[in-house]
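These protein sequence lines are chains V and U, in that order.
Start counting the first sequence at 5; every next residue gets the next number (our numbering).
Start counting the second sequence at 124; every next residue gets the next number (our numbering).
C-beta: ideal position from N, C-alpha, C; glycine also.
Heads up: the structure comes next, in structure tokens.
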Amino acid sequence: MIPRMSRPRSDAGARPSTTARSLLLAGFLVLWMVGLVARLYHLQIIQYVELLSRAQRQQQRTIEVAPKRGVIVDRQGHPLAMSLAVDSIFAVPSEIPDPPMVAKLLGPVLGLESRELEGRFKAFRSFCWVKRKVSTEEATRVRALNLKGVYFQKETKRFYPKGELAAHVLGHVGLDETGLAGLEYGMDDVIRGKPGRVLVASDARRQSFRSTEWQGQAGKDVVLTLDENIQYIAEKALGEAVNRWKAAGGTVIVQNPNTGEILAMANQPTFDPNEFARSSPEARINRAIHWVYEPGSTFKIVTVSAALEEKLTRPDEVINCQQGSIVLAGHTINDHEPFGDLPVRMIVAKSSGVGVIKLALRLGEGRLYRYIRQFGFGSRTEAGLPGEERGLLKPPQFWSGISIGEISMGQEVGVTPLQLTAAYSAIANGGILFQPRIVRDVFRGDEHDPIPPAPGRRVVSARTAEEMTEMFAEVVRVGSGIPARPAGYTAAGKTGTAQKIDASGKYSKTHYIASFVGFAPVPQPAATILVVIDEPMGAIYGREVAAPVFRAIAEQTLGYLNVPQDNPSRWPQGAKSTPAGSFRQIRDDGAGSPNLAPEPLGVATSPVKTVSFTKSSGREIPETVVLDDGPLVTVPDLSGMAVRQVARVCQELGLDLNVRGTGLAVEQFPAAKARVASGTRLRVMFAR
Amino acid sequence: MATVAITIPRARRRPRSQPATGRACVTDFYFFVKRIDNSRLFREVDREKRRECFCLLGLGVLVFLFGLVIAWQHFQCVRYGYQIEESKAQRAAMEEWSRQLRLEQASLADPQRIDTLARQKLGLAPPDPQQVIRMDGARRGGGELGSPELARNFSALGGENSRGP
């Protein structure tokens with residue numbers, strides 16, 4: 005038998021002690037776990053919402069991304085208005101250790117009053133603007149100060165890189181980037197866009213490591229019909245005239261009579277939209293659409309056109325102008341000169357009021373009023389600019405006995421310069437009144453919403469328009485419009501001199517409005533130009549004040565548009581008779597100067613040196629600038645073609661193509677049949 | 124195998140002062156030690172248990188690697204988050220810079236500025252229209268007049284506005 009082995013006595017004695025300790029430890033662990041779970045329950049379940057929001061406040065920031073306003077460009081794509089992100093400076097006054105010192109430091113740097121800044125720091129605790137939309141230099145200098153409690157915030161600011169150019173058309177925006185005038189106001193919904201949001205997760209150092217974007221909508225870009233070079237030509241000529249005649253103001257409109265597109269709209273006085281607050285309210289008025297004035301003789305276009313259209317007269321019909329005096333309803337109306345018998349064309353050329361009144365009397369009130377309305381007077385042109393006036397035109401039932409006479413001469417009726425320009429364009433293009441338009445296209449990225457021109461409305465027949473054109477050409481050839489005759493081009497137009505109504509309600513003897521409206525060249529007009537000068541001093545007549553401005557603008561604009569000259573009688577004798585090769589020879593020989601080197605077409609400047617290559621009647625002829633673009637191609641008519649067809653045609657002709665929109669071609673630039681150099685960019689607008 | 128006998132000496136006698144318990148303890152104990160040699164024995168491998176063990180080990184490694192990948196992925200995600208944000212900021216700055224350059228270009232191309240520079244610095248002046256003669260022959264004397272290089276309103280005109288004879 006093997007006896008049972010027993011454990012050592014010492015082991016048996018330790019057993020209860022270890023168990024107790026184990027139990028104690030387990031109990032402690034359980035309690036610890038229970039405590040932990042309880043705490044977790046408290047944090048995760050009970051305090052969940054509050055703690056989550058606190059964490060999100062600390063770790064996440066939602067930033068509203070202000071939409072960038074669309075760019076406004078001219079017809080060539082040159083930016084006229086665009087937005088950039090700039091710094092705005094704000095302060096958290098509670099974080100500023102020494103507000104007076106900070107105010108003293110910031111004041112001189114930002115051009116602010118230190119006391120005013122200090123007052124702001126005292127008035128607010130958590131936030132106050134120091135200065136919004138500061139310049140880069142100011143921001144750099146403030147950053148260099150490294151001030152506690154002073155922070156930067158990005159905001160967008162509108163810039164007008166061309167300064168005063170087309171200021172009245174563009175308008176301006178306020179501090180919060182909303183349009184206040186002009187197209188900025190009129191197309192604010194389109195240009196402004198919609199704001200986006202960005203949720204930024206950031207770490208303890210406020211460095212973002214994740215962001216979620218809710219895309220806003222950038223503003224759409226707007227393409228205008230204006231051409232910045234023509235606009236500059238118009239503004240410069242107008243500015244010079246207003247300064248020369250010390251006038252109160254003036255306006256110039258250049259329009260393409262074939263489409264109604266406004267190529268330039270200039271006003272004086274003007275302002276810089278970058279600093280619009282420094283300008284007077286009068287300077288910010290777009291006279292081209294807001295100014296209602298009595299047009300004077302330029303309004304005779306309606307009376308004479310209507311009489312011709314109604315076959316109540318002929319251009320060669322002789323009318324007795326009664327030595328410049330006519331009595332209507334007991335009132336005597338006097339002409340500016342006593343005329344006897346004059347054919348209708350000379351009535352227009354000499355601007356005889358009596359002759360026109362006689363034509364109006366043949367028409368009668370109803371028909372005259374109907375033609376006035378047909379030419380677009382008395383209603384807005386809807387050119388796309390906000391705040392346009394409709395003019396002043398009473399219905400015939402409110403006319404007095406002499407109203408028919410007054411209105412037929414352009415008195416007792418109020419028109420805007422734009423209405424008058426559109427009316428003359430209707431005569432220029434053969435009798436169709438086009439709605440003037442200032443916006444060609446609206447686009448965002450590749451999405452284009454081209455604005456096709458509105459269909460025109462025939463107001464007079466092509467024959468009447470031609471007869472009117474002949475009469476207006478006569479005005480420039482032999483009549484009151486001689487100073488408007490541009491060198492190298494034929495032109496047609498009408499002068500106008502109207503008295504203003506003074507404070508007493510009577511026609512002023514000292515304040516006049518001088519105007520000239522016309523188009524050139526006569527056979528195929530490329531531009532209708534209106535010039536109105538308000539209250540010129542020293543001279544009052546349209547032929548003296550406004551006609552030379554028309555001439556200056558027409559010469560430069562037609563040259564810029566590459567419109568071939570059509571008036572050889574105004575060319576120097578040598579140039580007219582010398583074959584092209586001779587000029588090339590002159591250029592190749594470098595005769596006289598290197599100025600004869602080829603220059604790009606439409607170049608506005610060229611060295612002028614009085615080198616005589618031929619003399620005519622003892623007058624020294626200035627040096628001739630020879631333009632040679634190499635072989636030219638004729639632009640085809642692309643209307644109605646699809647994009648693919650247009651691309652193929654352009655490839656065959658070696659033309660560069662710029663496509664806008666989708667669908668079928670509705671518009672092209674340059675126009676069909678224009679002769680352009682190979683490689684010229686052809687812009688074609690498509691629409692469905 | 125070996126057997127060893129060990130003798131344990133008899134218990135000591137009871138001292139007289141101690142009372143008798145009633146039984147005598149006189150038995151000797153012998154313990155035999157049996158030496159066993161298992162060196163020639165082979166432990167039998169339990170393949171099933173071993174597979175289970177390896178499976179468990181593999182699973183553990185997999186879980187560990189998985190955790191490692193998750194952690195790596197998380198940190199990479201955070202790292203790339205920083206990089207993306209940095210790139211976004213860089214892109215925004217570049218776009219802004221591009222816009223600034225465009226603005227500057229537009230300002231420099233201001234017709235008034237160019238006109239002033241041309242006249243004052245370069246001594247240029249606009250040529251008179253009669254000074255400009257086109258070499259393309261589009262219009263010379265009585266030739267047919269070319270149309271102006273302006274857009275025309277196809278839809279509106281439809282040939283209607285062409286001038287009559």
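Item	Value
V639 (chain V) to Y373 (chain V) span [Cα, whole Å]	43 Å
Classification of D151 (chain U) by the beta-carbon crowding that lies within 10 angstroms, buried from 16 upward	exposed
Beta-carbon contacts of P552 (chain V) that lie in its chain and below 8 Å, excluding the five residues immediately before and after	A245, P487, A488
Beta-ladder partner(s) of H452 (chain V), from DSSP	V:F447
Backbone CA spacing between A691 (chain V) and V446 (chain V) [nearest angstrom]	12 Å
Within chain U, partners of Y236 (chain V) - CB distance below 8 Å	P234, Q235, D238
Interface residues of the region 197-208 of chain U facing chain V [CB-CB below 7 Å]	V201, G204, Y205, E208
Proximity test, Cβ basis, 8 Å: F163 (chain V) and chain U	yes
Cross-chain neighbours of H82 (chain V) in chain U, by beta carbon under 8 Å	A229, A232
R692 (chain V) at chain U interface by Cβ criterion, 8 Å	no
Listed by chain order, chain U residues near A387 (chain V) by CB distance under 7 Å	Under the 7 Å cutoff, chain U gives no residues; its nearest Cβ is about 15 Å from A387 (chain V).
For G522 (chain V), the three-state DSSP class (helix, strand or coil)	strand
8 Å Cβ shell around L437 (chain V) - same chain, five flanking residues per side excluded	Q378, F379, G380, A426, A427, S429, A430, G460, R461, R462, V463
Interface flag, Q118 (chain U) vs chain V, CB-CB below 8 Å	Limits of chain U in this structure are 124 at one end and 288 at the other, which puts residue 118 (chain U) out of reach.
Secondary structure of H82 (chain V), DSSP reduced to three states	coil
Which listed residue (V:T684, V:M269, V:T666) has its alpha carbon closest to that of V637 (chain V)	V:T684
Minimum Cβ-Cβ distance from R222 (chain U) to chain V less than 8 Å	yes
N- and C-terminal bounds of the beta strand (DSSP E) containing Q503 (chain V)	496-505
Residue closest to G74 (chain V), alpha-carbon to alpha-carbon, out of V:I67, V:K158, V:I50, V:L187	V:L187
Touch test, the region 34-50 of chain V against the region 168-179 of chain V, Cβ-Cβ under 8 Å, three pairs minimum	no
Same chain, Cβ closer than 8 Å to L116 (chain V), neighbours up to 5 away in sequence not counted	L110, V134, K135
Contact list for Q213 (chain V) against chain U, beta-carbon separation under 7 Å	The amino acid at residue 213 (chain V) is misidentified as Gln; the sequence shows Phe. The contacting residues are V201, G204, Y205, E208.
Identity of the residues DSSP links to D660 (chain V) by a beta bridge	V:R685
E272 (chain U) at chain V interface by Cβ criterion, 8 Å	A caution first: E272 (chain U) carries a pLDDT of 43, below 50, which makes its placement in the model unreliable, though a value can still be read off. Chain V contact via Cβ: present.
Boundaries of the alpha helix (DSSP H) in which W195 (chain U) is found, first to last residue	170-231
Coil, strand or helix - Q60 (chain V) by DSSP	helix
is_contact[I200 (chain V), chain U] using C-beta, thresh 8 Å	Per the sequence presented here, residue 200 (chain V) reads as Gly, with Ile not at that position. For G200 (chain V), the answer is no, since every Cβ of chain U falls outside 8 Å of its Cβ.
Buried versus exposed, by CB contacts within 10 Å (16 or more), V680 (chain V)	buried
Between the CA atoms of E314 (chain V) and G546 (chain V) - distance to the nearest angstrom	29 Å
Length of the line joining the Cα atoms of T501 (chain V) and A107 (chain V)	59 Å
Proximal residues of chain U, C-beta to C-beta of G167 (chain V) below 8 Å	D233, Q235
Cβ shell of D320 (chain V) (< 6 Å), same chain only, five flanking positions each side left out	P347
Closer than 8 Å to chain V by CB, R225 (chain U)	yes
CA-to-CA distance, P527 (chain V) to L562 (chain V), given in whole angstroms	13 Å
Sub-8 Å separation of I455 (chain V) and R467 (chain V) beta-carbons	no
For M269 (chain V), the first and last residue of its enclosing beta strand (DSSP E)	266-272
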